[in-house]
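Novice: Be aware that the sequence shown starts at 2, since it is given in the numbering used here, and climbs by one per residue. Have a look at the structure that comes next, please.
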Amino acid sequence: MTATLEQTQSDLLKLVNLVQQGEEVVITSQGRAVARLSAVPSSAPAPNRQAWLARLAELRARLSTGKTGATVEQILDEDRGD
Numbered sequence: 002m003t004a005t006l007e008q009t010q011s012d013l014l015k016l017v018n019l020v021q022q023g024e025e026v027v028i029t030s031q032g033r034a035v036a037r038l039s040a041v042p043s044s045a046p047a048p049n050r051q052a053w054l055a056r057l058a059e060l061r062a063r064l065s066t067g068k069t070g071a072t073v074e075q076i077l078d079e080d081r082g083d
């Protein structure tokens, strides 16, 4: 739908209702499109904090730190055959 700037000023509530129903409104001034009135896309729901923390704990449990329990000296001695 197209509406002039003057129509927009006088019928803003009506135009917003149309947008809420899925319509897009192009606003014109002196015959040229100058703005678009459209619905804001719905955003994804905020993640559940407890679910996020549980998932983080699962991932941490699966990851290895790479620590073997041996000291650097022990690893070097073993590598040298000492």
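Beta carbons are placed, not taken as given, at the ideal position from N, Cα and C, and that holds for glycine. All values reported here derive from a predicted model rather than from experimental measurement.
Considering only their Cβ atoms, is the gap separating Ser30 from Leu6 smaller than 8 Å?
Specialist: Looking up residue 6 in the sequence shown gives position 5. Looking up residue 30 in the sequence shown gives position 29. Going by C-beta atoms, Leu6 is nearer than 8 Å to Ser30.
Novice: If you reduce the DSSP assignment to three classes, tell me which class Ala34 lands in.
Specialist: Start at 1 with the first residue of the sequence shown, and residue 34 comes out as number 33. Three-state result, Ala34: strand.
Novice: Consult DSSP for Thr72 and reduce its assignment to one of helix, strand or coil.
Specialist: By 1-based counting over the sequence shown, the position of residue 72 is 71. Looking at Thr72 - three-state DSSP - the assignment turns out to be coil, as it is neither helix nor strand.
Novice: Helix, strand or coil: how does DSSP classify Ala58 here?
Specialist: Sequence index remark: in the sequence shown, residue 58 carries index 57 (1-based). It is helical.
Novice: Between which two residues does the beta strand (DSSP E) harbouring Ala89 extend?
Specialist: Outside the displayed span of the chain (2 to 83) sits residue 89, for which this structure offers no information.
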